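Participant:
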Amino acid sequence: MEHISTTHPRASINHKCDFCLDIIPAKTVYVKSTYKYDGIYTWKSHNECSVLVTKLNMIEHCDESVTADDFLEFTKEWFDRRPFVIKKKTHFEQIKQILENKE
Ligand SMILES: [Zn+2]
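Residue numbering for the sequence shown follows the working numbering, beginning at 3 and increasing consecutively.
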């Protein structure tokens, strides 16, 4: 897999985050990466989800690409060890809560 580019555009319409699968609302700045792998594809995500992928070293553990399933597995394990995370919030709200609680 070859990384081609990463940009931080402002969403003109709602998108879906390819990591947490929640909505990236229109008008928010998100991460858009383009890769070459059996063709060209783009990967869109919340800034926060992208930060968490780096913070938890997911790429090292996932053999170069992190899928939504990998992301879910990592964050679930992370949430389970942190009782401050309120389970009824959306996945993305939990991620923001983790990032706000500096460790
Ligand atoms: Zn996300």
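For every residue, glycine included, the Cβ atom is placed at its ideal position computed from N, Cα and C. Here the structure is a predicted model, which means the values were calculated and not measured.
Could I get the ranges of all uninterrupted beta strand (DSSP E) runs contained in the stretch 49 to 75, with 3 residues as the minimum, in chain order?
Facilitator: As far as the stretch 49 to 75 is concerned, it has no whole beta strand (DSSP E) run of at least 3 residues.
Participant: Does DSSP put H93 in a helix, in a strand, or in coil?
Facilitator: The residue given as residue 93 occupies position 91 in the sequence shown. Of the three classes helix, strand and coil, the one that applies to H93 here is helix, per DSSP.
Participant: Could you compute how far the alpha carbon of K46 sits from the alpha carbon of L23?
Facilitator: Here residue 46 refers to the residue found at position 44 of the sequence shown. Here residue 23 refers to the residue found at position 21 of the sequence shown. So the two alpha carbons sit approximately 10 Å from each other.
Participant: According to the neighbour-count rule (16 or more other Cβ atoms, all chains shown, within 10 Å of its Cβ), is V68 buried or exposed?
Facilitator: Along the sequence shown, one-based indexing puts residue 68 at 66. With 16 or more Cβ atoms within 10 Å of its Cβ, V68 is classed as buried.
Participant: How many Å lie between M3 and Y39 at the Cα?
Facilitator: As a first step, residue 3 is located in the sequence shown; it is residue number 1 there, counting from the start. As a first step, residue 39 is located in the sequence shown; it is residue number 37 there, counting from the start. C-alpha separation (whole angstroms): 5 Å.
Participant: Measuring from the CB of F76, is there a heavy atom of ligand 1 at a distance below 7 Å?
Facilitator: Residue 76 sits at position 74 when you count from the first residue of the sequence shown. It does not: the Cβ of F76 is nowhere closer than 7 Å to a heavy atom of ligand 1.
Participant: Which of the three DSSP states is assigned to T9 in this structure?
Facilitator: Counting from 1 along the sequence shown, the entry for residue 9 is found at position 7. Three-state DSSP puts T9 in a strand.
Participant: Is T36 helix, strand or coil when you go by DSSP?
Facilitator: Taking the first residue of the sequence shown as position 1, residue 36 is located at position 34. Strand at T36.
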